[in-house]
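This report concerns only the one structure given below.
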Amino acid sequence: GGAIYWEGSNGFLSVCSFVNSTVNQYGGAIRWSGGNGTLSACSFLNNHANEKGGAVLWSSANGFLSACSFANNTANLYGGAIYLDYNTINVSDCSFIIYRPTNTATVTVNNLIYYYSHNYDVDYYENGNLIHSGQINDNNVTFSNLDNGKHNIDMIYNKGGSNFTNYINITGDIIEDIPGDITVDSHLSASNVYMFYNDGTKYTIKLADYKGNPIINQNIQITIANLKYNLKTDSRGYATLVLKQKAGKYKIVASFNGNSEYGPSTIVSTLSILDSPITKNKNSEIYFGGRFKVQIIDVYAKHVGAGKVVKFTIAGKTYRIKTDKNGYASLKITLKPNKKYTITTQYGKFIKKNQITVKPVLTAKNIVKKKRKTIKFYAKLVNTKGKPRAKKTIRFRFKGKRYKIKTNKKGIATLKIKNLKKGKYKIYTQYGKSKIKNTIKIK
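Here you go:
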(Lines of atoms letter the chains of each structure in order from A and count residues from 1; the text may use other names and numbers.)
(Lines give C-alpha, C1' and ligand atoms only; values in the text may rest on other atoms or scores of the structure.)
Protein backbone atom coordinates (compact mmCIF):
# COMPACT_ATOMS: atom_id res chain seq x y z
CA GLY A 1 0.00 0.00 0.00
CA GLY A 2 1.18 3.47 -0.91
CA ALA A 3 0.25 4.84 2.53
CA ILE A 4 -0.90 1.91 4.70
CA TYR A 5 -0.27 -1.83 4.73
CA TRP A 6 -2.65 -3.48 7.24
CA GLU A 7 -1.90 -7.00 8.48
CA GLY A 8 -3.74 -7.53 11.79
CA SER A 9 -7.17 -9.14 12.11
CA ASN A 10 -10.30 -7.25 13.20
CA GLY A 11 -8.82 -3.93 12.14
CA PHE A 12 -10.84 -0.73 12.00
CA LEU A 13 -9.89 2.42 10.10
CA SER A 14 -12.21 5.40 9.81
CA VAL A 15 -12.35 9.13 8.90
CA CYS A 16 -8.97 9.37 7.14
CA SER A 17 -7.94 11.12 3.91
CA PHE A 18 -5.54 9.75 1.32
CA VAL A 19 -4.31 12.13 -1.41
CA ASN A 20 -1.72 11.70 -4.20
CA SER A 21 -0.40 8.34 -2.99
CA THR A 22 1.26 6.02 -5.53
CA VAL A 23 2.50 2.43 -5.37
CA ASN A 24 4.32 0.23 -7.88
CA GLN A 25 2.00 -2.76 -7.49
CA TYR A 26 -1.05 -3.03 -5.23
CA GLY A 27 -3.24 -0.53 -3.40
CA GLY A 28 -2.42 3.06 -4.27
CA ALA A 29 -3.33 4.21 -0.75
CA ILE A 30 -4.13 1.05 1.26
CA ARG A 31 -3.33 -2.64 0.99
CA TRP A 32 -5.47 -4.51 3.54
CA SER A 33 -4.29 -8.01 4.44
CA GLY A 34 -5.96 -8.59 7.81
CA GLY A 35 -9.12 -10.65 8.17
CA ASN A 36 -12.45 -9.25 9.40
CA GLY A 37 -11.45 -5.65 8.76
CA THR A 38 -13.59 -2.53 8.47
CA LEU A 39 -12.72 0.56 6.44
CA SER A 40 -15.25 3.37 6.66
CA ALA A 41 -15.81 7.10 6.11
CA CYS A 42 -12.43 7.67 4.44
CA SER A 43 -11.73 9.76 1.33
CA PHE A 44 -9.39 8.86 -1.50
CA LEU A 45 -8.23 11.47 -4.04
CA ASN A 46 -5.72 11.16 -6.90
CA ASN A 47 -4.21 7.82 -5.80
CA HIS A 48 -2.61 5.39 -8.26
CA ALA A 49 -1.42 1.77 -8.44
CA ASN A 50 0.70 0.56 -11.32
CA GLU A 51 -1.09 -2.79 -11.18
CA LYS A 52 -4.27 -3.29 -9.06
CA GLY A 53 -6.44 -1.22 -6.74
CA GLY A 54 -5.95 2.46 -7.50
CA ALA A 55 -7.01 3.42 -3.97
CA VAL A 56 -7.55 0.14 -2.07
CA LEU A 57 -6.52 -3.47 -2.57
CA TRP A 58 -8.08 -5.93 -0.12
CA SER A 59 -6.28 -9.27 0.00
CA SER A 60 -7.88 -10.96 3.02
CA ALA A 61 -11.24 -12.57 3.70
CA ASN A 62 -14.28 -11.14 5.45
CA GLY A 63 -14.01 -7.39 5.18
CA PHE A 64 -16.36 -4.45 4.95
CA LEU A 65 -15.68 -1.22 3.11
CA SER A 66 -18.36 1.42 3.59
CA ALA A 67 -19.20 5.12 3.41
CA CYS A 68 -15.95 6.11 1.69
CA SER A 69 -15.54 8.60 -1.14
CA PHE A 70 -13.30 8.13 -4.18
CA ALA A 71 -12.22 10.68 -6.78
CA ASN A 72 -9.73 10.34 -9.63
CA ASN A 73 -8.11 7.08 -8.48
CA THR A 74 -6.53 4.89 -11.16
CA ALA A 75 -4.87 1.50 -11.69
CA ASN A 76 -3.12 0.25 -14.80
CA LEU A 77 -4.64 -3.25 -14.64
CA TYR A 78 -7.77 -3.80 -12.51
CA GLY A 79 -9.87 -1.90 -10.00
CA GLY A 80 -9.50 1.80 -10.67
CA ALA A 81 -10.66 2.50 -7.12
CA ILE A 82 -11.01 -0.88 -5.35
CA TYR A 83 -9.63 -4.38 -6.00
CA LEU A 84 -10.91 -7.30 -3.90
CA ASP A 85 -9.25 -10.72 -3.73
CA TYR A 86 -12.16 -12.42 -1.94
CA ASN A 87 -15.90 -12.47 -2.52
CA THR A 88 -16.46 -12.25 1.27
CA ILE A 89 -15.62 -8.54 1.19
CA ASN A 90 -18.57 -6.17 0.84
CA VAL A 91 -18.56 -2.63 -0.52
CA SER A 92 -21.53 -0.44 0.40
CA ASP A 93 -22.56 3.22 0.57
CA CYS A 94 -19.40 4.49 -1.09
CA SER A 95 -19.37 7.49 -3.43
CA PHE A 96 -17.37 7.67 -6.65
CA ILE A 97 -16.97 11.22 -7.96
CA ILE A 98 -16.58 11.51 -11.72
CA TYR A 99 -15.46 14.88 -13.08
CA ARG A 100 -16.30 15.90 -16.65
CA PRO A 101 -16.38 19.06 -18.71
CA THR A 102 -19.75 20.73 -19.11
CA ASN A 103 -21.64 20.29 -22.35
CA THR A 104 -20.52 16.66 -22.49
CA ALA A 105 -23.52 14.38 -23.02
CA THR A 106 -21.61 11.08 -22.86
CA VAL A 107 -19.45 10.00 -19.93
CA THR A 108 -17.43 6.79 -19.74
CA VAL A 109 -16.52 5.61 -16.26
CA ASN A 110 -13.60 3.21 -15.98
CA ASN A 111 -13.88 0.15 -13.73
CA LEU A 112 -14.34 1.18 -10.09
CA ILE A 113 -14.72 -2.11 -8.17
CA TYR A 114 -13.12 -5.39 -9.25
CA TYR A 115 -13.63 -8.83 -7.64
CA TYR A 116 -10.93 -11.40 -8.39
CA SER A 117 -12.44 -14.60 -9.93
CA HIS A 118 -16.00 -13.45 -9.18
CA ASN A 119 -18.33 -11.27 -11.20
CA TYR A 120 -21.70 -9.89 -10.16
CA ASP A 121 -24.61 -8.30 -11.97
CA VAL A 122 -24.88 -4.56 -11.43
CA ASP A 123 -27.70 -2.13 -12.24
CA TYR A 124 -27.46 1.65 -12.46
CA TYR A 125 -30.39 3.86 -11.48
CA GLU A 126 -30.98 7.59 -11.69
CA ASN A 127 -34.01 9.04 -9.95
CA GLY A 128 -35.34 5.51 -9.52
CA ASN A 129 -35.09 4.70 -13.24
CA LEU A 130 -32.88 1.91 -14.57
CA ILE A 131 -30.45 3.53 -17.03
CA HIS A 132 -27.85 0.80 -17.52
CA SER A 133 -27.00 -2.80 -16.58
CA GLY A 134 -23.74 -4.72 -16.67
CA GLN A 135 -21.31 -6.57 -14.43
CA ILE A 136 -19.14 -5.33 -11.61
CA ASN A 137 -15.87 -6.27 -13.37
CA ASP A 138 -16.69 -4.55 -16.68
CA ASN A 139 -13.77 -2.49 -17.97
CA ASN A 140 -16.00 0.56 -18.13
CA VAL A 141 -19.58 1.76 -18.26
CA THR A 142 -20.88 4.54 -20.51
CA PHE A 143 -23.74 6.90 -19.66
CA SER A 144 -25.25 8.77 -22.60
CA ASN A 145 -27.68 11.62 -23.19
CA LEU A 146 -26.70 13.43 -20.01
CA ASP A 147 -27.70 17.04 -19.56
CA ASN A 148 -25.25 19.65 -18.30
CA GLY A 149 -26.23 19.27 -14.65
CA LYS A 150 -24.94 16.94 -12.00
CA HIS A 151 -26.03 13.32 -12.05
CA ASN A 152 -26.33 11.09 -8.99
CA ILE A 153 -26.48 7.45 -10.02
CA ASP A 154 -27.13 4.47 -7.75
CA MET A 155 -24.86 1.53 -8.52
CA ILE A 156 -26.42 -1.66 -7.09
CA TYR A 157 -24.75 -5.07 -7.32
CA ASN A 158 -26.15 -8.35 -6.05
CA LYS A 159 -23.91 -10.79 -4.22
CA GLY A 160 -25.15 -13.91 -2.48
CA GLY A 161 -28.75 -12.73 -2.58
CA SER A 162 -27.97 -9.36 -0.96
CA ASN A 163 -27.90 -5.99 -2.68
CA PHE A 164 -25.02 -3.56 -2.09
CA THR A 165 -25.57 0.05 -3.11
CA ASN A 166 -22.86 2.56 -4.00
CA TYR A 167 -23.10 5.93 -5.72
CA ILE A 168 -21.61 7.49 -8.83
CA ASN A 169 -21.71 11.29 -8.74
CA ILE A 170 -21.06 12.83 -12.14
CA THR A 171 -20.26 16.53 -12.03
CA GLY A 172 -18.80 19.19 -14.33
CA ASP A 173 -15.73 21.38 -14.07
CA ILE A 174 -17.36 24.85 -14.34
CA ILE A 175 -20.86 26.27 -14.36
CA GLU A 176 -22.12 29.53 -15.77
CA ASP A 177 -24.70 31.29 -13.64
CA ILE A 178 -24.86 34.71 -15.22
CA PRO A 179 -23.44 35.71 -18.62
CA GLY A 180 -19.98 37.09 -18.01
CA ASP A 181 -19.70 35.60 -14.49
CA ILE A 182 -18.02 32.19 -14.17
CA THR A 183 -17.90 30.26 -10.93
CA VAL A 184 -16.10 27.01 -10.21
CA ASP A 185 -18.35 24.03 -9.61
CA SER A 186 -18.49 22.79 -6.00
CA HIS A 187 -19.19 19.26 -4.88
CA LEU A 188 -20.52 17.93 -1.57
CA SER A 189 -19.77 14.30 -0.77
CA ALA A 190 -21.36 12.37 2.08
CA SER A 191 -22.49 8.81 2.55
CA ASN A 192 -25.51 7.21 4.11
CA VAL A 193 -25.09 6.73 7.84
CA TYR A 194 -25.91 3.58 9.81
CA MET A 195 -25.60 3.63 13.58
CA PHE A 196 -27.03 2.76 16.97
CA TYR A 197 -28.81 5.31 19.12
CA ASN A 198 -26.37 7.63 20.90
CA ASP A 199 -23.27 5.63 19.91
CA GLY A 200 -21.23 8.73 19.09
CA THR A 201 -21.35 8.36 15.31
CA LYS A 202 -20.68 11.52 13.34
CA TYR A 203 -22.15 12.58 10.02
CA THR A 204 -19.18 13.63 7.90
CA ILE A 205 -19.43 15.75 4.77
CA LYS A 206 -16.76 17.13 2.45
CA LEU A 207 -16.88 20.21 0.25
CA ALA A 208 -14.48 20.24 -2.70
CA ASP A 209 -13.99 21.84 -6.09
CA TYR A 210 -14.15 19.98 -9.38
CA LYS A 211 -10.58 18.69 -8.92
CA GLY A 212 -11.27 17.39 -5.44
CA ASN A 213 -9.43 20.20 -3.70
CA PRO A 214 -11.01 21.12 -0.34
CA ILE A 215 -13.09 24.28 -0.08
CA ILE A 216 -12.34 25.53 3.42
CA ASN A 217 -14.04 27.78 5.94
CA GLN A 218 -17.43 27.63 4.23
CA ASN A 219 -20.87 27.27 5.79
CA ILE A 220 -22.83 24.06 5.26
CA GLN A 221 -26.51 23.81 6.20
CA ILE A 222 -27.70 20.44 7.48
CA THR A 223 -31.37 19.50 7.86
CA ILE A 224 -32.48 16.33 9.66
CA ALA A 225 -36.23 15.99 10.17
CA ASN A 226 -37.25 19.40 11.54
CA LEU A 227 -33.85 20.24 12.99
CA LYS A 228 -31.35 22.51 11.25
CA TYR A 229 -27.62 22.76 11.90
CA ASN A 230 -24.98 25.17 10.58
CA LEU A 231 -21.48 23.75 10.15
CA LYS A 232 -18.23 25.17 8.81
CA THR A 233 -15.69 23.24 6.76
CA ASP A 234 -12.23 22.75 8.25
CA SER A 235 -8.78 22.94 6.64
CA ARG A 236 -9.47 19.69 4.77
CA GLY A 237 -12.92 20.71 3.56
CA TYR A 238 -14.69 18.49 6.10
CA ALA A 239 -17.55 19.29 8.46
CA THR A 240 -18.90 16.87 11.06
CA LEU A 241 -22.01 16.58 13.21
CA VAL A 242 -22.52 14.21 16.15
CA LEU A 243 -25.83 12.46 15.57
CA LYS A 244 -28.18 12.21 18.56
CA GLN A 245 -31.50 11.44 16.87
CA LYS A 246 -33.69 8.70 18.29
CA ALA A 247 -33.97 5.30 16.63
CA GLY A 248 -35.59 5.55 13.21
CA LYS A 249 -34.89 6.43 9.60
CA TYR A 250 -34.22 10.01 8.51
CA LYS A 251 -33.25 12.02 5.47
CA ILE A 252 -30.17 14.25 5.78
CA VAL A 253 -30.11 17.24 3.42
CA ALA A 254 -26.79 19.09 3.21
CA SER A 255 -26.48 22.33 1.23
CA PHE A 256 -23.75 24.77 0.30
CA ASN A 257 -25.26 27.99 -1.04
CA GLY A 258 -22.20 28.96 -3.04
CA ASN A 259 -20.32 32.26 -3.13
CA SER A 260 -18.51 34.49 -5.59
CA GLU A 261 -15.99 31.74 -6.37
CA TYR A 262 -17.97 28.51 -6.13
CA GLY A 263 -21.38 27.42 -7.28
CA PRO A 264 -23.98 25.87 -4.92
CA SER A 265 -24.24 22.17 -4.15
CA THR A 266 -26.71 19.90 -2.36
CA ILE A 267 -26.59 16.26 -1.36
CA VAL A 268 -29.19 14.01 0.28
CA SER A 269 -28.20 11.06 2.48
CA THR A 270 -30.09 8.52 4.55
CA LEU A 271 -29.65 8.17 8.31
CA SER A 272 -30.66 4.81 9.79
CA ILE A 273 -30.54 4.49 13.58
CA LEU A 274 -31.17 1.24 15.41
CA ASP A 275 -31.97 1.19 19.11
CA SER A 276 -29.22 -1.21 20.19
CA PRO A 277 -27.04 -4.08 18.98
CA ILE A 278 -28.66 -6.18 21.72
CA THR A 279 -31.84 -7.67 20.29
CA LYS A 280 -34.40 -10.39 21.02
CA ASN A 281 -34.00 -9.75 24.73
CA LYS A 282 -37.32 -9.79 26.53
CA ASN A 283 -38.95 -10.23 29.90
CA SER A 284 -39.83 -13.88 30.13
CA GLU A 285 -40.53 -17.00 32.15
CA ILE A 286 -37.72 -19.52 31.89
CA TYR A 287 -37.75 -23.06 33.19
CA PHE A 288 -34.89 -24.13 35.45
CA GLY A 289 -32.03 -25.17 33.18
CA GLY A 290 -33.41 -23.16 30.26
CA ARG A 291 -31.57 -20.33 28.55
CA PHE A 292 -31.89 -16.58 28.38
CA LYS A 293 -30.91 -15.68 24.83
CA VAL A 294 -30.05 -12.50 22.93
CA GLN A 295 -28.88 -11.83 19.39
CA ILE A 296 -26.20 -9.26 18.64
CA ILE A 297 -26.49 -7.31 15.39
CA ASP A 298 -24.44 -4.68 13.58
CA VAL A 299 -25.59 -1.27 12.39
CA TYR A 300 -26.92 -2.86 9.19
CA ALA A 301 -29.22 -5.15 11.26
CA LYS A 302 -27.14 -8.21 10.32
CA HIS A 303 -25.99 -10.60 13.03
CA VAL A 304 -22.36 -10.21 14.06
CA GLY A 305 -21.49 -13.90 13.74
CA ALA A 306 -19.37 -15.92 16.14
CA GLY A 307 -16.85 -14.93 18.77
CA LYS A 308 -18.24 -11.64 20.11
CA VAL A 309 -18.24 -11.36 23.90
CA VAL A 310 -21.50 -10.63 25.72
CA LYS A 311 -21.72 -10.11 29.47
CA PHE A 312 -24.69 -11.33 31.48
CA THR A 313 -25.12 -10.29 35.12
CA ILE A 314 -27.73 -11.96 37.31
CA ALA A 315 -28.02 -12.60 41.05
CA GLY A 316 -24.73 -10.82 41.68
CA LYS A 317 -22.66 -12.90 39.27
CA THR A 318 -21.30 -11.92 35.84
CA TYR A 319 -20.78 -14.37 32.98
CA ARG A 320 -18.86 -13.78 29.73
CA ILE A 321 -20.43 -15.64 26.81
CA LYS A 322 -19.29 -15.67 23.17
CA THR A 323 -21.80 -15.46 20.34
CA ASP A 324 -22.40 -18.41 18.03
CA LYS A 325 -22.25 -18.32 14.23
CA ASN A 326 -25.67 -16.64 14.12
CA GLY A 327 -24.77 -13.94 16.62
CA TYR A 328 -26.66 -15.50 19.55
CA ALA A 329 -25.37 -15.56 23.11
CA SER A 330 -27.24 -17.48 25.78
CA LEU A 331 -26.94 -18.11 29.50
CA LYS A 332 -28.17 -21.27 31.20
CA ILE A 333 -30.43 -20.38 34.12
CA THR A 334 -30.05 -22.60 37.20
CA LEU A 335 -31.23 -20.19 39.88
CA LYS A 336 -33.79 -21.01 42.55
CA PRO A 337 -37.21 -21.46 40.91
CA ASN A 338 -40.37 -19.52 41.67
CA LYS A 339 -38.46 -16.26 41.96
CA LYS A 340 -38.08 -13.18 39.76
CA TYR A 341 -34.62 -11.94 38.79
CA THR A 342 -33.17 -8.95 36.94
CA ILE A 343 -30.71 -9.93 34.22
CA THR A 344 -28.41 -7.31 32.68
CA THR A 345 -26.97 -7.83 29.21
CA GLN A 346 -23.94 -5.81 28.14
CA TYR A 347 -22.28 -5.66 24.72
CA GLY A 348 -19.59 -3.04 24.49
CA LYS A 349 -21.06 0.10 26.00
CA PHE A 350 -24.64 -0.99 25.31
CA ILE A 351 -26.74 -2.30 28.20
CA LYS A 352 -30.21 -3.85 28.40
CA LYS A 353 -32.10 -5.05 31.48
CA ASN A 354 -34.86 -7.63 31.64
CA GLN A 355 -36.95 -9.41 34.24
CA ILE A 356 -37.08 -13.20 34.20
CA THR A 357 -39.07 -15.58 36.36
CA VAL A 358 -37.55 -19.01 36.90
CA LYS A 359 -40.07 -21.84 36.75
CA PRO A 360 -39.38 -25.30 38.19
CA VAL A 361 -39.08 -28.35 35.94
CA LEU A 362 -39.77 -30.63 38.90
CA THR A 363 -43.00 -30.08 40.83
CA ALA A 364 -45.02 -31.81 43.50
CA LYS A 365 -47.83 -30.83 45.85
CA ASN A 366 -48.15 -31.13 49.60
CA ILE A 367 -50.83 -33.67 50.41
CA VAL A 368 -53.29 -34.05 53.28
CA LYS A 369 -55.05 -37.41 53.52
CA LYS A 370 -57.04 -39.44 55.96
CA LYS A 371 -55.33 -42.53 57.18
CA ARG A 372 -55.52 -45.36 54.66
CA LYS A 373 -53.58 -48.42 53.64
CA THR A 374 -51.74 -46.78 50.69
CA ILE A 375 -50.92 -43.13 49.96
CA LYS A 376 -49.80 -42.00 46.51
CA PHE A 377 -47.36 -39.08 46.14
CA TYR A 378 -46.94 -37.60 42.64
CA ALA A 379 -44.02 -35.64 41.15
CA LYS A 380 -44.06 -34.18 37.65
CA LEU A 381 -41.07 -33.53 35.41
CA VAL A 382 -41.05 -31.28 32.33
CA ASN A 383 -38.30 -30.09 30.01
CA THR A 384 -37.13 -26.49 29.60
CA LYS A 385 -40.02 -25.88 27.22
CA GLY A 386 -42.63 -27.17 29.66
CA LYS A 387 -43.21 -30.48 27.88
CA PRO A 388 -43.52 -33.73 29.93
CA ARG A 389 -40.39 -35.90 30.16
CA ALA A 390 -41.07 -39.63 30.06
CA LYS A 391 -38.89 -42.52 31.27
CA LYS A 392 -36.75 -40.32 33.50
CA THR A 393 -35.71 -41.51 36.94
CA ILE A 394 -36.94 -39.43 39.87
CA ARG A 395 -35.35 -39.93 43.29
CA PHE A 396 -37.43 -39.77 46.46
CA ARG A 397 -36.25 -39.74 50.08
CA PHE A 398 -38.85 -40.47 52.74
CA LYS A 399 -38.42 -41.54 56.38
CA GLY A 400 -34.75 -42.39 55.81
CA LYS A 401 -35.43 -44.59 52.78
CA ARG A 402 -34.61 -43.84 49.14
CA TYR A 403 -36.68 -44.71 46.08
CA LYS A 404 -36.11 -44.49 42.33
CA ILE A 405 -39.17 -44.24 40.09
CA LYS A 406 -39.45 -43.57 36.36
CA THR A 407 -41.86 -41.04 34.91
CA ASN A 408 -44.73 -42.11 32.66
CA LYS A 409 -45.61 -40.54 29.30
CA LYS A 410 -47.16 -37.59 31.14
CA GLY A 411 -43.92 -36.95 33.01
CA ILE A 412 -45.36 -38.17 36.32
CA ALA A 413 -43.58 -40.41 38.80
CA THR A 414 -45.78 -42.02 41.47
CA LEU A 415 -44.48 -43.11 44.87
CA LYS A 416 -46.75 -45.49 46.80
CA ILE A 417 -46.43 -45.30 50.57
CA LYS A 418 -48.12 -47.91 52.78
CA ASN A 419 -49.34 -47.94 56.35
CA LEU A 420 -48.59 -44.38 57.38
CA LYS A 421 -49.62 -43.43 60.89
CA LYS A 422 -51.25 -40.14 61.71
CA GLY A 423 -48.81 -37.25 61.66
CA LYS A 424 -46.84 -34.92 59.43
CA TYR A 425 -43.93 -36.12 57.31
CA LYS A 426 -41.30 -34.52 55.05
CA ILE A 427 -40.56 -35.93 51.61
CA TYR A 428 -37.64 -34.92 49.36
CA THR A 429 -37.72 -35.23 45.57
CA GLN A 430 -34.81 -34.80 43.17
CA TYR A 431 -34.00 -34.92 39.48
CA GLY A 432 -30.52 -33.77 38.53
CA LYS A 433 -29.94 -30.38 40.17
CA SER A 434 -33.64 -29.84 40.77
CA LYS A 435 -34.60 -30.51 44.38
CA ILE A 436 -37.89 -29.90 46.17
CA LYS A 437 -39.30 -30.55 49.63
CA ASN A 438 -42.94 -31.30 50.43
CA THR A 439 -45.07 -32.48 53.33
CA ILE A 440 -47.48 -35.36 53.72
CA LYS A 441 -50.06 -35.02 56.48
CA ILE A 442 -52.10 -38.00 57.64
CA LYS A 443 -55.21 -37.17 59.67
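Counted the way UniProt numbering counts, the sequence shown spans residues 1 to 443.
Don't be surprised by glycine CBs; every beta carbon is placed ideally from N, CA and C.
- In the DSSP assignment, E126 forms a beta bridge with N129.
- Here Y403 is bridged, per DSSP, to F396.
- Restricting attention to V310, K325, T342, F143, the CA atom closest to the CA of G316 is found in T342.
- Contact between the segment 261 to 281 and the segment 363 to 374 is absent, with fewer than three C-beta pairs closer than 8 Å.
- Judged by beta-carbon spacing, G290 lies within the 8 Å limit of I333, meaning their Cβ atoms are closer than that value.
- Short of 8 Å from the beta carbon of N139, and not among the five residues preceding or following it, lie these beta carbons of its own chain, in chain order: N110, N111.
- By the 16-neighbour rule on beta-carbons within 10 angstroms, R372 is exposed.
- With 16 or more other Cβ atoms inside 10 Å of its own Cβ, Q218 counts as buried.
- DSSP places D209 inside the beta strand (DSSP E), whose first and last residues are 202 to 209.
- Within a 10 Å sphere around the beta-carbon of R31 sit 16 or more other beta-carbons, which makes this residue buried.
- In this chain, the beta strand (DSSP E) harbouring K359 covers 350 to 359.
- A straight line joining the alpha-carbon of S9 with that of S40 spans about 16 Å.
- In the structure shown, G258 falls within a coil segment according to DSSP collapsed to helix, strand and coil.
- Positions of the beta strand (DSSP E) runs, each at least 3 residues long and wholly inside the segment 247 to 319, are given as 248 to 256, 265 to 274, 284 to 287, 291 to 296, 309 to 314 in order along the chain.
- The beta carbon of Y26 lies closer than 8 Å to those of G1, A49, E51, K52, G53, L57, S59, Y83 in the same chain, with the five residues before and after it left out.
- H118 carries a coil assignment under DSSP once its states are collapsed to helix, strand and coil.
- The C-alpha of Y229 is placed about 11 Å away from the C-alpha of T240.
- Secondary structure of L335 (DSSP, three-state): coil.
- For the pair N145 and M155, the CB atoms are not nearer than the 8 Å cut-off.
- The beta carbon of K421 sits closer than 8 Å to those of K371, I442, all from its chain and outside the five residues before and after it, given in chain order.
- Shown here, V368 sits in a strand according to DSSP, grouped into three states.
- For a cut-off of 8 Å, the C-beta gap from T344 to N281 is around 10 Å, too long to register as a contact.
- For S40, the uninterrupted beta strand (DSSP E) run begins and ends at 38 to 40, by DSSP.
- In this model, N137 and G80 are separated by some 11 Å (Cα to Cα).
- Q355 and L381 have their C-alpha atoms some 24 Å from each other.
- Taken atom to atom, the span from the alpha-carbon of N46 to that of I297 is near 36 Å.
- Scanning its chain for C-beta atoms nearer than 6 Å, with the 5 sequence neighbours on each side dropped, one finds around S21 the residues G2, A3, G28, A29, N47, in chain order.
- Taken atom to atom, the span from the alpha-carbon of A105 to that of N169 is near 15 Å.
- Judged by DSSP secondary structure, R100 falls within the beta strand (DSSP E) whose first and last residues are 95 to 100.
- Boundaries cannot be given for D324, as no beta strand (DSSP E) includes it and DSSP labels it neither H nor E.
- DSSP links T414 through a beta bridge to Y378.
- About 7 Å separates the beta carbons of I417 and T374, which is inside the 8 Å limit, making them a contact pair.
- Secondary structure of K421 (DSSP, three-state): coil.
- With a cutoff of 8 Å on beta-carbon distance, I215 and S235 are scored as not near each other.
- With distances taken between CA atoms, S191 lies nearest to I97 out of L231, I97, N87, G149.
- Only residues of its own chain outside the window of five on either side were considered, and among them Y124, E126, I168 have a CB closer than 6 Å to the CB of I153, listed in chain order.
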